[in-house]
Amino acid sequence: MQDFGSLIRYHRKKKGYTLKQVSQETSYSVSYISQIENGRHSSSVVVLETLANVLEAPELLRVEEDFTKIDQALDTWYQAMLNKNLPEVERLAEKLSSYLPKPFYTTLNTKYELYHFRYLLVTDKITEAMHIFPEFKEHSLGASGLYQKLARKIIGIYFVKLNQFSTALQYFEEISTETNTLSQEDPELNYYLALVYSRLEKIMDSIESVNKALLYYRSLNQHNNTLACEVLVCINYIIAENYVTAEKKLFNLLEAYQQSKPSFLKESFITHNIGYVSLRLKKYDQAVEYLKKAIKTKTTDQEKSSSYYLIAETYAWEGYAKLALTFIDICESIKENPKYQYKAFILKNIILGKTTTKPFIEKLENEILPYFKQIDDQTEIEDISKMLGDIYYNARIYKMAADYRKTKKQVHYLENLQLKYNNEGR
């Protein structure tokens, strides 16, 4: 056992002994002791007892038992993460922190480093994860076998958390296309492939991957993971603009949530998306009702900003410009979420009829579009590009219009709202 050899070396150096001194004290050869320390030779109970006595390290006698106990706790911890059992994840995190990392537990330290980084992602400790990521990446990608494959998956999940979906996809697809593909035996990889495909609007690929994950989780009656896949199915219907089906599935999801209230899923996520779908179905009262419910259960202004924005957009569609501008002001005051600051800025200028003004166009081109490119938000990139293309086309600047219209979008999502305010005024 490599970690056992590391533990012997640790106690030998702690004692200040050389290999030669231990050899003299035990009558074992220097070569034999070196092989034990390097994990190339197992030792009998007699040898173990002798070394424990010479090094005055009685813990050597129980190292195998301790190793097994910690190793099992690590696997239980990771399984809790896979099952999205957050209370158990936190309990085991505290327990394991008293055991690891230790200098003599070489292989367990490697495993712990992988699982601990995954723990930071599961519990949304993203700032801490970002701080240690360079070192984690260097260490983990240097690991061998399954540890390296697991490291690549965890790094992919890290980039998902950063909304860098194209980068995440590179890691996931790299794993899934290997000869001994993990995607066939790892439903979580299929889930994250589906999530990334969904965010990149590769809906057919997303559906294929999420169905693989769903089949697996349902077969094992894994409620939390099944629910997570159902969430993704709802998102795909929203992206595909099948709002009627999305609404039905979201209400089913809300009912399932209220029965079990799993810790990994937030009620505000469901109510926010019901609000969004209701807006697209022109059920404006229902949209505002559920968006306000979402705001009540969200804890930070950063989280609330997306719901504030959709309420503003709902009122704008209804023709209540003053109410819309009130919620736009709230959005623009929340600096922690630039995405909805910028979306609110665009919506405000549509309502005020200022989308052809120089300050608006310059901010759209020089600040807002680069921001969405930086965070790889393809939906916003497409919408803003289409908007700029239309602005330049209407201004008869056809070369600029053509450059921006190199997009699959035929209509940007606020185009009809823009026409409404251009025709009706405030």
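Be aware that the sequence shown starts at 1, since it is given in UniProt numbering, and climbs by one per residue.
For glycine and all other residues, C-beta sits at the position ideal for the given N, C-alpha and C.
This structure is a prediction, so every number in the text was calculated from the model and none was measured.
Taking the alpha helix (DSSP H) that E241 falls in, what are its first and last residues?
Element bounds for E241: n/a, residue is neither H nor E.
In the DSSP assignment, find the alpha helix (DSSP H) that holds G145 and state where it starts and stops.
Counting along the chain, the alpha helix (DSSP H) containing G145 begins and ends at 145 to 161.
Buried or exposed for E56, going by 16 or more other Cβ atoms inside 10 Å?
exposed
Taking 6 Å as the cut-off, is the CB of H116 close to at least one heavy atom of the ligand PLP?
The ligand PLP is not part of this structure, which contains no ligands at all.
Please check the pair L250 and I274, which I expect to be a contact at CB under 8 Å, by giving their CB distance rounded to whole angstroms.
5 Å
Please say whether S140 and A129 have beta carbons closer to each other than 7 Å?
no
Taking just the CA atoms, how far does E313 sit from E336?
20 Å
If contacts are defined as beta-carbon pairs under 8 Å, then G156 and F172 qualify, I think. What distance do you get, rounded to the angstrom?
5 Å
Between the Cα of T356 and the Cα atoms of Q418, D383, T68, which residue gives the shortest distance?
Q418
Let's test the definition: count the other Cβ atoms within 10 Å of the Cβ of E367 and tell me whether it reaches 16, buried, or not, exposed.
exposed
Check this for me: beta carbons of I239 and I295, under 7 Å apart or not?
no
Could you name the residues of the same chain whose beta carbon sits closer than 6 Å to that of T297, not counting the 5 residues immediately before and after it, in chain order?
Counting only Cβ-Cβ distances below 6 Å, and skipping sequence neighbours, we find E267, S268.
Specify the secondary structure class of R405 as computed by DSSP and reduced to three states.
coil
Leaving out five residues on either side along the sequence, give the residues of the same chain with a beta carbon under 6 Å from the beta carbon of A344.
Apart from sequence neighbours up to five positions away, the residues of its chain that approach A344 with a beta-carbon distance below 6 Å are Y309, I328, C331, E332, ordered along the chain.
Below 8 Å on the Cβ atoms is my guess for R118 versus F165; work out the distance and round it to an integer in Å.
Their Cβ separation, rounded to whole angstroms, is 19 Å, which puts R118 and F165 out of contact at 8 Å.
Report yes if the C-beta distance between A194 and S209 is below 7 Å; otherwise report no.
yes
Taking E289 as part of the alpha helix (DSSP H), name the residues at either end of that continuous run.
284 to 297
Mind checking which residues open and close the alpha helix (DSSP H) that includes F117?
Counted as a single uninterrupted DSSP element, the alpha helix (DSSP H) harbouring F117 occupies residues 106 to 122.
What does a CB cutoff of less than 8 Å around A402 pick up in its chain, not counting 5 residues either side in sequence?
Within the same chain, A402 has close Cβ partners G389.
So is E303 buried or exposed if we call it buried at 16+ other beta carbons inside 10 Å?
buried
What are the boundary residues of the alpha helix (DSSP H) that residue 430 is part of?
Nothing about residue 430 can be reported from this structure: the residues present for the chain run from 1 to 426 only.
Starting from the N-terminal side, write out each stretch of the alpha helix (DSSP H) that is 4 residues or longer and does not extend beyond the segment 186 to 252.
187 to 199, 203 to 219, 223 to 239
Considering only the alpha carbon of each residue, which of N221, E382, Y192, L48 lies closest to D205?
With distances taken between CA atoms, D205 lies nearest to Y192 out of N221, E382, Y192, L48.
For the alpha helix (DSSP H) containing A321, name the first residue and the last one.
321 to 333
Could you tell me whether the Cβ atoms of L86 and K111 are closer together than 7 Å?
Going by beta carbons, L86 and K111 fall outside the 7 Å limit.
Let me know if D186 comes out buried or exposed under the rule of 16 or more other beta-carbons within 10 Å of its beta-carbon.
D186 is buried by the Cβ-count criterion.
Between I132 and A321, what straight-line distance do the alpha-carbon atoms span, to the nearest angstrom?
46 Å
Return yes when the Cβ of N225 is within less than 7 Å of the Cβ of Y217, no when it is not.
yes
How is the alpha helix (DSSP H) around R396 delimited, first residue to last?
Per DSSP, R396 belongs to no alpha helix (DSSP H) and is neither H nor E.
Contact check, L253 vs E289 under 8 Å by CB: the rounded distance?
Separation of the CB atoms of L253 and E289 is rounded to 17 Å, and the pair is thereby denied contact status at 8 Å.
Using a Cβ-Cβ cutoff of less than 8 Å, which residues in the same chain neighbour S34 once the five nearest sequence positions on both sides are dropped?
So the list reads L19, once near-sequence residues are dropped.
Answer yes or no: do Y421 and I351 have a C-beta to C-beta separation smaller than 7 Å?
Yes, Cβ-Cβ distance for Y421 and I351 is below 7 Å.
Between the Cα of L325 and the Cα atoms of I346, V277, K339, which residue gives the shortest distance?
Residue nearest to L325 within the set I346, V277, K339 is I346 (criterion: CA-CA distance).
Could you pull out every residue in the same chain whose Cβ sits closer than 8 Å to the Cβ of L232, ignoring the five residues on either side in sequence?
Y191, A194, L195, S198, S206, V210
Using 8 Å for Cβ pairs, my map puts L369 next to I361. What's the rounded Cβ distance?
In fact, because the Cβ distance is near 11 Å, the residues do not count as touching under 8 Å.
Out of curiosity, what's the CA-to-CA distance linking S144 and Y257?
40 Å
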